[in-house]
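Counting along the sequence shown from 1, when you hit position 92 you're at 93 in this note's numbering, and nothing is skipped either side. Yeah, the Cβ is synthetic: ideal placement off N, Cα and C, and Gly gets one too.
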Amino acid sequence: MARTKLRYVLAAAGLLLATGTAVFAHKEPHSIDQLKAFEDVFMDQVKAGDALFHGDGDVEKKMNARLSRTGMACAMCHPFASDTHPHEFPKFQEQMNTFATLRDMINWCIEKPNEGEKLGDNSEAMKALEAYIYWSNRNSKLDPGRH
Ligand code: HEC
2 MARTKLRYVL AAAGLLLATG TAVFAHKEPH SIDQLKAFED VFMDQVKAGD ALFHGDGDVE
62 KKMNARLSRT GMACAMCHPF ASDTHPHEFP KFQEQMNTFA TLRDMINWCI EKPNEGEKLG
122 DNSEAMKALE AYIYWSNRNS KLDPGRH
């Protein structure tokens, strides 16, 4: 009996060690070069999103997006992307009368006030807009569901 118990304990310890190693492997610190490369990729997206948000037609074309047919850029109604409260999503959104993510809200603005073409969730333009909006709010505390 005692031996069986010991076997279980050893097996559990072995499992912990095995998974522990796997978990730690992901936590190895990145090199300065790696961090710089990640940051560069991120900031490229932020810059593209900034351009889209401010109505840069060239970037829009390059990304195959049509964000507006009214000539209104996001920034004309939202002069500060930092005021678009991405940290409060997902939440019940009154305009849509439904529970919505930030992407749903971005698409609502594209389709309704802007009369543009809805973006695919994984489209380049959606990712860039999301990167820019989150970056603009980078020190906000996550507060999903808030109004
Ligand atoms: C003609 C004006 C207008 C334009 C242009 C516009 N929006 Fe909006 N936007 C609104 C209104 C109205 C709301 C809903 C009221 C609110 O929640 O602030 C809103 C809300 C939002 C919100 C949620 C804000 C919150 O606090 O819940 C986000 C995010 C947003 N818009 C992103 C965008 C993006 C990205 C674009 C450009 C593709 C854009 N909007 C273009 C009028 C506009």
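Asked	Found
Residue 15 versus residue 29: straight-line alpha-carbon distance, rounded	Confidence in residue 15 is poor, its pLDDT being 49 and thus under 50, which makes the residue's placement unreliable; the coordinate value appears in the next sentence. Going from the Cα of residue 15 to the Cα of residue 29 covers about 21 Å.
Residue 96: CB within 7 Å of a non-hydrogen atom of the ligand HEC	yes
Near the ligand HEC: residue 103 beta-carbon under 7 Å from a heavy atom	yes
Spatial neighbours of residue 102 in its chain, beta-carbon cut-off 7 Å, leaving aside the 5 residues before and after	90, 91
Residue 144 - DSSP class collapsed to helix/strand/coil	coil
Supposed close pair residue 118, residue 107 - CB separation, criterion 8 Å	The Cβ separation is near 12 Å, so there is no contact.
Spatial distance of residue 93 from residue 56 (CA atoms)	28 Å
Buried/exposed call for residue 33, threshold 16 Cβ in 10 Å	exposed
Close-in-space but distant-in-sequence residues of the same chain around residue 2 (CB under 8 Å, 5 per side omitted)	Summary for residue 2: the model assigns pLDDT 46, below 50, so the residue's position carries little reliability, and this model does not support an answer.
Contact test: residue 100 Cβ vs the ligand HEC heavy atom, cutoff 7 Å	no
6 Å Cβ shell around residue 141 - same chain, five flanking residues per side excluded	88
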